[in-house]
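Enquirer:
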RNA sequence: CGGGGUAUAGUGAAACGGCUAUCACGAGUCCUUUGGGAGGAUUUAUUCUGAGUUCGAAUCUCAGUACCCCGACCA
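Residue numbers (the numbering used here): 2 to 392.
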């Protein structure tokens with residue numbers, strides 16, 4: 002992609018109506034645009050990141066037997082009256098239509114599976130826009146009124162089968178956060194079931210200062226607890242804890258018969274498992290940034306490399322990279338070197354390639370990784386090989 | 001939903017109750033520029049909305065709305 006043609010632009014100054022790091026950087030770098038509190042457009046760069054996260058999530062869901070569907074956002078009142086949740090204030094209601102906007106999908110998936118499932122267990126998921134009338138949208142894309150979510154629902158004929166699958170999902174989630182670069186910062190924490198379940202549930206919490214949860218991590222066994230159920234003593238017997246701010250990037254629940262019963266699905270127990278796709282994106286930015294911009298982990302970055310032609314054009318190298326299947330953003334704009342370099346840092350693509358008269362004299366390009374300071378000269382004829390080893 | 005704050009061009013800022021609302025950046029057009037945000041020419045506004053005070057309001061008052069932060073809430 003040529004940067005001169007890309008539908009986006011960078012902004013030098015922080016928007017005055019955003020305080021969170023993720024919103025400031027994503028807006029300045031041209032990934033997202035704010036329409037209202039907790040309502041954002043995703044521009045091409047932002048959408049590329051989302052697609053990458055979705056791809057990771059899909060692959061891991063499919064590996065554990067998940068089948069993808071797409072359910073509607075418009076939900077008839079009747080479905081929600083069956084479970085007694087029509088009154089939930091978080092749900093946006095459309096006056097005079099007896100419709101509400103979906104904030105979760107138990108009321109839709111359960112009758113759907115009842116109708117179409119010919120055998121159990123079944124694992125059905127979707128990646129879809131959720132609407133929630135948040136009493137306080139905040140922190141950029143971390144807590145939105147409209148956001149992308151992956152929700153998986155499992156249906157089993159026994160508790161044991163549910164328990165087994167629950168553990169599989171746990172593993173799949175860890176793989177997802179690992180591939181998104183968040184492994185080191187993400188902890189499984191025990192939480193109460195909240196609105197969805199009377200039993201214990203688990204949350205995946207990513208440690209970040211802008212998080213809105215407090216978790217307590219046991220210094221002895223690493224087990225973590227959400228503040229809401231924390232009782233100062235770990236299952237391992239330890240009373241030594243560390244308190245940290247975190248953001249909930251996913252959660253898993255055993256629902257039991259809570260939703261299958263009202264829809265007359267006899268002897269079926271359910272589980273539900275969510276990941277906030279856009280929230281994960283925000284969490285990544287919160288974790289990976291420095292004072293000049295974003296530092297995208299490899300697998301979620303919008304491009305593999307950012308090619309800059311400074312005082313010379315780099316068309317040949319650009320074409321060559323593309324021919325070899327490397328996702329490249331090529332800054333071909335008629336801008337000063339300083340501006341290109343600053344934008345490059347801000348956008349945060351993992352590898353920077355510079356071609357200039359200076360490097361051209363040596364038949365080289367200059368390589369710099371976004372997360373390192375080191376500069377490296379690489380011969381142009383060896384560039385493709387070099388980059389392929391980096392991916 | 002309680003508390004606090006803010007609202008002027010696409011973005012960030014300035015303007016004592018008083019002259020044609022100013023500046024920088026961005027965006028558009030033209031020329032020169034290219035290793036850390038370059039220069040010139042030219043274009044770019046219903047001062048959030050509504051009412052009030054006043055000879056006169058971006059500026060003061062009231063109401064509304066939007067946004068930010070703290071808390072409550074939150075799969």
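In this text, a Cβ means the ideal position worked out from N, Cα and C, and glycines have one as well.
#1: Would you tell me roughly how many angstroms separate the C-alpha atoms of residue 341 and residue 376, rounded to the nearest one?
#2: Tell me the rounded alpha-carbon separation between residue 249 and residue 106.
#3: Under three-state DSSP, which class holds residue 77?
#4: Going by Cα to Cα distance, which pick from 392, 362, 360, 60 is closest to residue 370?
#5: Is residue 212 buried or exposed, if buried means 16 or more other CB atoms sit within 10 Å of its CB?
#6: Would you tell me roughly how many angstroms separate the C-alpha atoms of residue 102 and residue 146, rounded to the nearest one?
#7: At what residues does the alpha helix (DSSP H) containing residue 160 begin and finish?
#8: In the DSSP assignment, the beta strand (DSSP E) including residue 280 goes from what residue to what residue?
#9: Three-state secondary structure (DSSP) at residue 62?
#10: Using 10 angstroms around the beta-carbon of residue 209, count the other beta-carbons present and answer buried if the total reaches 16, otherwise exposed.
#11: Does the region 351 to 371 come into contact with the region 304 to 324, if we say contact requires no fewer than three beta-carbon pairs (one atom in each stretch) closer than 8 Å?
#12: Is residue 205 near residue 178, with beta carbons less than 9 Å apart?
#13: Going by DSSP, what residues sit across from residue 25 in a beta bridge?
#14: Report yes if the CB atom of residue 207 is closer than 9 Å to the CB atom of residue 189, and no otherwise.
#15: DSSP on residue 93, reduced to helix/strand/coil?
#16: Does the count of Cβ pairs from the region 238 to 254 and the region 271 to 281 closer than 8 Å reach three?
#17: Determine which residues share a DSSP beta bridge with residue 207 and list them.
#18: Are the beta-carbon atoms belonging to residue 67 and residue 124 less than 9 Å from one another?
#19: Do residue 186 and residue 21 count as a contact pair if the criterion is CB distance below 9 Å?
#20: Per DSSP, residue 225 is paired with what?
#21: Could you pull the start and end residues of the beta strand (DSSP E) that residue 37 belongs to?
#22: How should residue 136 be labelled, buried or exposed, when 16 other C-beta atoms within 10 angstroms of its C-beta is the threshold for buried?
#23: Compute the beta-carbon to beta-carbon distance between residue 329 and residue 366, rounded to the nearest angstrom, for a pair I have assumed lies under 8 Å.
Expert: Taking the geometry as given:
#1: 17 Å
#2: 19 Å
#3: strand
#4: 392
#5: buried
#6: 11 Å
#7: 160 to 180
#8: Per DSSP, residue 280 belongs to no beta strand (DSSP E); it is in the alpha helix (DSSP H), 278 to 288.
#9: helix
#10: buried
#11: yes
#12: yes
#13: Looking at the DSSP assignment, residue 25 forms no beta bridge with any residue, so it has no partner.
#14: no
#15: coil
#16: yes
#17: 187, 248
#18: yes
#19: no
#20: 190, 218
#21: 33 to 37
#22: exposed
#23: 12 Å between Cβ atoms; not a contact.
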